[in-house]
Amino acid sequence: MYGYAAFFFLLFGGLEALILRIQLAKPDNDFLSAAEDNAMFTMHGTTMVFLVIMPLSAAFFNYLLPLQIGARDVAFPRLNALSYWLWIFGGLFLYSTFIFGSAGAPQGGYLAEEIGWLGNAPNGGWFGYQPNASFKYSPGTAMDYWALGLQILGVSSLVSAFNFITTVLNMRAKGMRLMRMPVFTWMTFAVAFLLAFSLPIIAIALFFVTFDRQFGTTFFLTEGG
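Following this line, the structure appears as structure tokens:
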């Protein structure tokens, strides 16, 4: 299921890449305005990393990990399902910004004149460039959708990480010691630990972005220290 859904989002990421390449096809092209180009770059990068690469990895982990350690399934199948549906919800929530969000930036590109909702996407960069992602340079709600959507996706990946760690530690077949595990299983184990340590830090940073935008804090403003 992860694989099928990841290929679905790959279509959107590929379409965004195609739009960016059309803009770069000739000098002084007005197919996209500067704000629209930033929006496409933001959504393309976010889609390819969080909605394609990571879920495709999860698809291989879910399929190969139990087979390689002699387990019937992952340790927590229902938790695995929760992770999947959280990821689906996070991806749809992220893309709902095209319909419900507002970037608050001037448009003017040819494509936006044909597709009015194109400019509703977040345009602060796919990893939240500062100060571009601040309310001063990205007014409207689009970056807030982006931050909350990534937090939902982060919870999904965190749940999967704990599930894979527990599976490796507790679901190995008799005689399958840690040092006898295949290299792919070790890689899955290491990646799960990296996610478990890094995703909470990313979530905190996204909260800081939201606080700066909504409550006037200065976590990412150099003049505020």
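Residue numbers (UniProt numbering): 1 to 225. A virtual CB, placed ideally from N, CA and C, is assigned to each residue, including glycine.
Within the chosen definition, does the stretch 84-103 reach the stretch 141-157 through at least 3 CB pairs nearer than 8 Å? At 8 Å Cβ cutoff, the stretches touch.
So, does the stretch 164-175 touch the stretch 202-213, judging by three or more C-beta pairs under 8 Å? The stretch 164-175 and the stretch 202-213 do not touch, with fewer than 3 CB-CB distances between them shorter than 8 Å.
So what does DSSP say about GLN23, is it helix, strand or coil? Looking at GLN23 - three-state DSSP - the assignment turns out to be helix.
Can you give me the start and stop residues for the alpha helix (DSSP H) that TYR137 sits inside? Here TYR137 belongs to no alpha helix (DSSP H), and DSSP marks it neither H nor E.
Rounded separation between PRO79 and SER102 - CA only: The amino acid at residue 79 is misidentified as Pro; the sequence shows Leu. If I take the Cα positions, the gap works out to 34 Å.
Does the Cβ of TYR95 have 16 or more other Cβ atoms within 10 Å, making it buried, or fewer, making it exposed? Its Cβ being crowded by 16 or more others within 10 Å, TYR95 is buried.
Say whether the stretch 124-140 touches the stretch 30-48, bearing in mind that this needs 3 or more beta-carbon pairs closer than 8 Å, one atom from each stretch. Between the stretch 124-140 and the stretch 30-48, the count of C-beta pairs closer than 8 Å reaches three or more; the two stretches touch.
Between the Cα of VAL52 and the Cα atoms of GLY13, PHE197, LEU178 and ALA161, which residue gives the shortest distance? For VAL52, the nearest C-alpha among the options comes from GLY13.
Under 8 Å, with one C-beta from each stretch per pair, do the stretch 50-68 and the stretch 1-11 reach the 3-pair mark? Yes: the two stretches touch, three or more of their Cβ pairs being nearer than 8 Å.
CA nearest to the CA of ARG72, picked from SER83, ARG172, THR188 and SER156: With respect to the C-alpha of ARG72, the residue from SER83, ARG172, THR188 and SER156 having the closest C-alpha is ARG172.
Option in VAL74, THR97, PHE219 and TYR2 with minimal Cα separation from MET43: Per the Cα distances, THR97.
Is any non-hydrogen atom of the ligand GTP found closer than 6 Å to the C-beta of ALA39, if you look at the structure I gave you? No copy of the ligand GTP occurs in the structure displayed, which carries no ligand at all.
Measure the alpha-carbon distance for ARG21 versus MET143 and round it to whole angstroms. When rounded, the distance between both Cα atoms is 24 Å.
Is it true that the CB of MET176 sits closer than 7 Å to the CB of GLY70? Yes; because the gap between Cβ atoms is below 7 Å, this pair is in contact.
Find the nearest neighbour of PHE61 within the set MET1, PHE197, LEU32 and SER134, judged by alpha-carbon distance. It is MET1.
Proximity below 7 Å, CB of VAL209 to CB of ALA133: Result yes, Cβ atoms of VAL209 and ALA133 sit closer than 7 Å.
Out of curiosity, what's the CA-to-CA distance linking PRO66 and TRP126? Between PRO66 and TRP126, the C-alpha separation is close to 33 Å.
Do you know whose CA, among MET187, SER157, PHE219 and ASP30, lies nearest LEU199's CA? If we check each option's Cα against that of LEU199, SER157 comes out closest.
Report yes if the CB atom of TRP146 is closer than 7 Å to the CB atom of PRO122, and no otherwise. The answer is yes: Cβ separation under 7 Å.
Could you check where the alpha helix (DSSP H) with PHE162 kicks off and where it finishes? DSSP places PHE162 in the uninterrupted alpha helix (DSSP H) bounded by 142-170.
Around the Cβ of PHE189, are there at least 16 other Cβ atoms within 10 angstroms (buried) or fewer (exposed)? So PHE189 ends up on the buried side.
Suppose you measure from the CA of THR217 to the CA of GLN130; what does that come to, to the nearest Å? Rounded to whole angstroms, the gap between the alpha carbons of THR217 and GLN130 is 14 Å.
Here's the rule I'm using: 16 or more other beta-carbon atoms within 10 Å means buried, otherwise exposed. How should MET48 be labelled? With 16 or more Cβ atoms within 10 Å of its Cβ, MET48 is classed as buried.
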